[in-house]
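Using the UniProt record's numbering, the letters of the sequence shown map in sequence onto residues 1 to 372. Ideal Cβ placement from N, Cα and C applies to all residues, glycine included. The structure under discussion appears below in the form of structure tokens.
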Amino acid sequence: MPLLHKLAAVLVVVAVVLGLTLPGDRDARRAATAVRAAAGEKAAAGRPPVPSVAPGSPRASGTPTPTPSVTAPIPPATAEAARVRADELGMVPVLMYHRIMKKPELSLDRSVQEFRDEVNRLADEGYAPITAAEFVAGRIDVPAGRHPVVLTFDDSTPGHFGLDAAGNPAPDTAVAILQEAARTHPGFRATATFYLNKDIFGLGDRAADGLKWLISHGYEIGNHTVTHADLSRLSKQGVRAEIGGMEDQIVALTGAHTTTFAYPFGAVPRKSEWARADGARYGFKGVFLAGWKPSASPFTTGFDRWAIDRVRSEGKIKENDCRQFCSTAWLDYLDKHPMERYTSDGDPATVTFPAAEEKRLAPSFRPYGRRY
Numbered sequence: 001m002p003l004l005h006k007l008a009a010v011l012v013v014v015a016v017v018l019g020l021t022l023p024g025d026r027d028a029r030r031a032a033t034a035v036r037a038a039a040g041e042k043a044a045a046g047r048p049p050v051p052s053v054a055p056g057s058p059r060a061s062g063t064p065t066p067t068p069s070v071t072a073p074i075p076p077a078t079a080e081a082a083r084v085r086a087d088e089l090g091m092v093p094v095l096m097y098h099r100i101m102k103k104p105e106l107s108l109d110r111s112v113q114e115f116r117d118e119v120n121r122l123a124d125e126g127y128a129p130i131t132a133a134e135f136v137a138g139r140i141d142v143p144a145g146r147h148p149v150v151l152t153f154d155d156s157t158p159g160h161f162g163l164d165a166a167g168n169p170a171p172d173t174a175v176a177i178l179q180e181a182a183r184t185h186p187g188f189r190a191t192a193t194f195y196l197n198k199d200i201f202g203l204g205d206r207a208a209d210g211l212k213w214l215i216s217h218g219y220e221i222g223n224h225t226v227t228h229a230d231l232s233r234l235s236k237q238g239v240r241a242e243i244g245g246m247e248d249q250i251v252a253l254t255g256a257h258t259t260t261f262a263y264p265f266g267a268v269p270r271k272s273e274w275a276r277a278d279g280a281r282y283g284f285k286g287v288f289l290a291g292w293k294p295s296a297s298p299f300t301t302g303f304d305r306w307a308i309d310r311v312r313s314e315g316k317i318k319e320n321d322c323r324q325f326c327s328t329a330w331l332d333y334l335d336k337h338p339m340e341r342y343t344s345d346g347d348p349a350t351v352t353f354p355a356a357e358e359k360r361l362a363p364s365f366r367p368y369g370r371r372y
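Spelled out as structure tokens, the structure:
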């Protein structure tokens with residue numbers, strides 16, 4: 001069966017040169033680089049493979065996979081897909097959050113109210129949250145006319161999630177705000193991906209209970225190293241100790257491996273494959289940078305699952321050119337240029353797009369393409 005990704009050209013993000021390095025930013029102040037990776041890498045030995053097909057799609061049916069053809073005509077889209085102007089080759093915002101606090105202290109902090117306002121904006125503008133793992137696997141199952149968005153949180157700080165005395169999300173944490181948005185905006189899904197370091201939300205001996213709550217409520221747990229180390233400065237052994245040590249801790253607490261990884265500082269090791277897999281200890285399906293633009297769709301020739309761009313959550317401030325490259329600016333841009341963003345056709349078994357975009361469809365997905 002084909003995997004729902006097609007890796008493409010080398011993507012090099014040099015934040016210092018672009019002037020996008022974020023002073024005080026633990027995840028964006030270092031240059032992020034990526035290398036070409038071959039498609040179809042198998043899951044690490046001893047770990048079950050992550051599903052790589054959309055639920056209900058012909059790719060999951062067990063039937064023989066059609067041989068991709070660059071000449072066979074692509075069938076027409078449904079009338080509904082054309083009506084909502086579906087474009088599943090468009091850009092997907094992957095938003096990057098750090099501390100959520102009542103009173104921000106550092107450049108990457110966002111206030112509780114700023115986060116609540118951004119979540120409500122996403123809901124009002126038709127965005128549908130999915131996890132990083134779902135995005136990497138191409139399992140993008142959102143209603144027709146809506147737009148997937150991936151919410152990622154680095155460093156597992158208390159403002160992301162906590163438990164009150166009754167075992168529910170602590171008030172004014174990111175999770176509590178997402179749950180609130182799901183209650184007040186019908187159809188808005190409360191989900192996100194949390195990239196953990198060793199001090200897990202400051203929960204101490206309640207960490208296992210906290211992770212159990214998150215996983216049982218549809219949130220994803222990801223790996224962000226034990227100590228938030230700069231992997232570009234470490235040996236192979238050091239890189240694998242940082243990532244493997246965090247994976248060991250997560251498996252001990254949850255009984256399951258993680259699927260995705262986010263580079264601390266956006267810093268890539270000398271050999272990026274050191275971070276991708278280490279035998280049965282860890283083996284990721286996608287790796288996220290600390291970037292400055294929305295990600296390419298996983299169905300395009302431009303998608304590289306080993307170097308997925310993210311966007312810093314921030315208003316249109318002067319610092320680090322957030323007037324153009326942070327979340328508020330990008331959401332404004334996509335609102336003004338709707339044909340550049342991913343709009344769902346409502347059917348996870350097909351990949352719909354305007355006819356003029358056909359050349360951007362990765363060959364692996366041609367059998368599932370629909371055009372209008």
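Where residue 127 sits in the DSSP three-state scheme: Within the sequence shown, residue 127 is the residue found at index 127, counting from 1. Here residue 127 sits in strand by DSSP.
Problem set entry | Coil, strand or helix - residue 194 by DSSP | Taking the sequence shown and counting its residues from 1, one reaches residue 194 at position 194. If DSSP states are grouped into helix, strand and coil, residue 194 belongs with the strands.
Problem - Alpha carbon of residue 214 to alpha carbon of residue 224, nearest angstrom - result: On the sequence shown, residue 214 is found 214 positions in, with the first residue counted as 1. On the sequence shown, residue 224 is found 224 positions in, with the first residue counted as 1. In a straight line, the C-alpha of residue 214 is about 17 Å away from that of residue 224.
### Task
Given a cut-off of 8 Å, decide if residue 129 and residue 373 are closer than it, judged by their beta-carbon atoms.
In this structure the chain extends from 1 to 372, so residue 373 is not present and cannot be described.
| Where the beta strand (DSSP E) containing residue 369 begins and where it ends | Here residue 369 refers to the residue found at position 369 of the sequence shown. Its beta strand (DSSP E) spans residues 369-371.
* Is residue 221 helix, strand or coil by DSSP? -> Mapped onto the sequence shown, residue 221 falls at position 221. In this structure, residue 221 counts as strand in the three-state DSSP scheme.
Check: Of the choices 296, 372, 322, whose alpha-carbon is the least far from that of residue 379?
Finding: Since the first residue shown for the chain is 1 and the last is 372, residue 379 is missing from the structure and cannot be characterised.
- Task: Determine the burial state of residue 102: buried for a count of at least 16 other Cβ atoms within 10 Å of its Cβ, exposed for fewer.
- Result: Counting from one through the sequence shown, the residue named residue 102 turns up at place 102. Classification of residue 102: exposed, given that the 10 Å Cβ count is below 16.
| said: Is the separation between the beta-carbon of residue 226 and that of residue 181 shorter than 8 Å? | reply: Looking up residue 226 in the sequence shown gives position 226. Looking up residue 181 in the sequence shown gives position 181. Contact flag unset, no.
Specify, as a first and last residue, the run of the beta strand (DSSP E) that residue 300 falls within. Walking along the sequence shown from the start, residue 300 turns up at place 300. Here residue 300 belongs to no beta strand (DSSP E), and DSSP marks it neither H nor E.
query = Taking Cβ to Cβ, would you say residue 344 is nearer than 8 Å to residue 143?
reply = Numbered from its first residue, the sequence shown carries residue 344 at position 344. Numbered from its first residue, the sequence shown carries residue 143 at position 143. For residue 344 and residue 143, yes; Cβs fall inside 8 Å.
- [ ] Give me the Cα-Cα distance between residue 161 and residue 199, rounded to the nearest whole angstrom.
- [x] Start at 1 with the first residue of the sequence shown, and residue 161 comes out as number 161. Start at 1 with the first residue of the sequence shown, and residue 199 comes out as number 199. Cα to Cα, residue 161 sits roughly 12 Å from residue 199.
* **6 Å CB neighbourhood of residue 97 in its chain, flanking five on each side removed** => The residue given as residue 97 occupies position 97 in the sequence shown. Setting aside the 5 residues that flank it on each side, residue 97 is surrounded in the same chain by 153, 313, each with a C-beta closer than 6 Å to its C-beta; the list follows chain order.
Rounding to the nearest angstrom, what Cα-Cα distance links residue 156 and residue 324 in this structure? As a working note, residue 156 is residue 156 in the sequence shown. As a working note, residue 324 is residue 324 in the sequence shown. Cα to Cα, the separation comes out at about 27 Å.
Exposure label - residue 320; buried when at least 16 CB within 10 Å = On the sequence shown, residue 320 is found 320 positions in, with the first residue counted as 1. A buried status is given to residue 320, since no fewer than 16 other beta-carbon atoms sit within 10 Å of its beta-carbon.
Quick one: grab the DSSP three-state call for residue 107. Walking along the sequence shown from the start, residue 107 turns up at place 107. Of the three classes helix, strand and coil, the one that applies to residue 107 here is coil, per DSSP.
Hey, residue 348 and residue 139 are a contact pair by Cβ (cut 8 Å); roughly how many whole angstroms apart? Taking the first residue of the sequence shown as 1, we reach residue 348 at position 348. Taking the first residue of the sequence shown as 1, we reach residue 139 at position 139. Their Cβ separation, rounded to whole angstroms, is 7 Å, which keeps residue 348 and residue 139 in contact under 8 Å.
Residue 230 versus residue 257 - alpha carbon distance:
Mapped onto the sequence shown, residue 230 falls at position 230. Mapped onto the sequence shown, residue 257 falls at position 257. Distance between the alpha carbons of residue 230 and residue 257: 22 Å.
- Item | alpha helix (DSSP H) segment containing residue 254, residue limits | By one-based count along the sequence shown, residue 254 stands at place 254. Its alpha helix (DSSP H) spans residues 236-254.
Next on the checklist: Taking 8 Å as the cut-off, does the region 263-272 touch the region 288-306 (at least 3 CB pairs, one atom from each stretch)?
Outcome noted: yes
Assign residue 353 to one of three DSSP states: helix, strand, or coil. Taking the first residue of the sequence shown as 1, we reach residue 353 at position 353. The answer is strand: DSSP assigns residue 353 an E or B state.
Is the beta carbon of residue 342 less than 8 Å from the beta carbon of residue 88?
Here residue 342 refers to the residue found at position 342 of the sequence shown. Here residue 88 refers to the residue found at position 88 of the sequence shown. It is a contact, given that the beta carbons lie within the stated cut-off.
Next item on the list: Pick out whichever of 193, 278, 99 has its Cα sitting closest to the Cα of residue 202.
Entry: What you label residue 202 is simply residue 202 of the sequence shown in a count that begins at 1. Per the Cα distances, 99.
Between which two residues does the alpha helix (DSSP H) containing residue 334 stretch?
Locating residue 334 in the sequence shown gives position 334, where the first residue counts as 1. Residue 334 -> alpha helix (DSSP H) spans 327-336.
Taking a contact to mean a Cβ-Cβ separation below 8 Å, would you say residue 211 touches residue 254 in this structure?
Residue 211 sits at position 211 when you count from the first residue of the sequence shown. Residue 254 sits at position 254 when you count from the first residue of the sequence shown. The answer is yes: Cβ separation under 8 Å.
Under the assumption that residue 81 contacts residue 372 (Cβ atoms under 8 Å), give the Cβ distance between them as a whole number of angstroms.
Sequence index remark: in the sequence shown, residue 81 carries index 81 (1-based). Sequence index remark: in the sequence shown, residue 372 carries index 372 (1-based). The beta carbons of residue 81 and residue 372 sit about 7 Å from each other, so the pair counts as a contact at 8 Å.
Q | Under the three-state DSSP convention, the category residue 94 falls into | A | What you label residue 94 is simply residue 94 of the sequence shown in a count that begins at 1. Reduced to three states, the DSSP call for residue 94 is strand.
Take residue 339 and list the residues in its own chain whose beta-carbon comes closer than 8 Å to its own, dropping the five residues that flank it on each side.
Sequence index remark: in the sequence shown, residue 339 carries index 339 (1-based). Counting only Cβ-Cβ distances below 8 Å, and skipping sequence neighbours, we find 85, 87, 90, 354.
- May I have the straight-line CA-CA distance separating residue 365 from residue 173, to the nearest angstrom? If you number the sequence shown from 1, residue 365 lands on position 365. If you number the sequence shown from 1, residue 173 lands on position 173. Going by the C-alpha atoms only, they are around 39 Å apart.
Segment limits, alpha helix (DSSP H) that includes residue 133: Against the sequence shown, residue 133 aligns to sequence position 133. Residue range 132-137 is occupied by the alpha helix (DSSP H) that includes residue 133.
Exercise. Determine the DSSP secondary structure at residue 165, reduced to helix, strand or coil.
Key: For the purposes of this step, residue 165 is identified with residue 165 of the sequence shown, where counting begins at 1. DSSP places residue 165 in coil when its eight states are reduced to three.
Next item on the list: Grab the span of the alpha helix (DSSP H) containing residue 184 for me, first residue to last.
Entry: Counted from its first residue, the sequence shown places residue 184 at position 184. Residue 184 -> alpha helix (DSSP H) spans 174-184.
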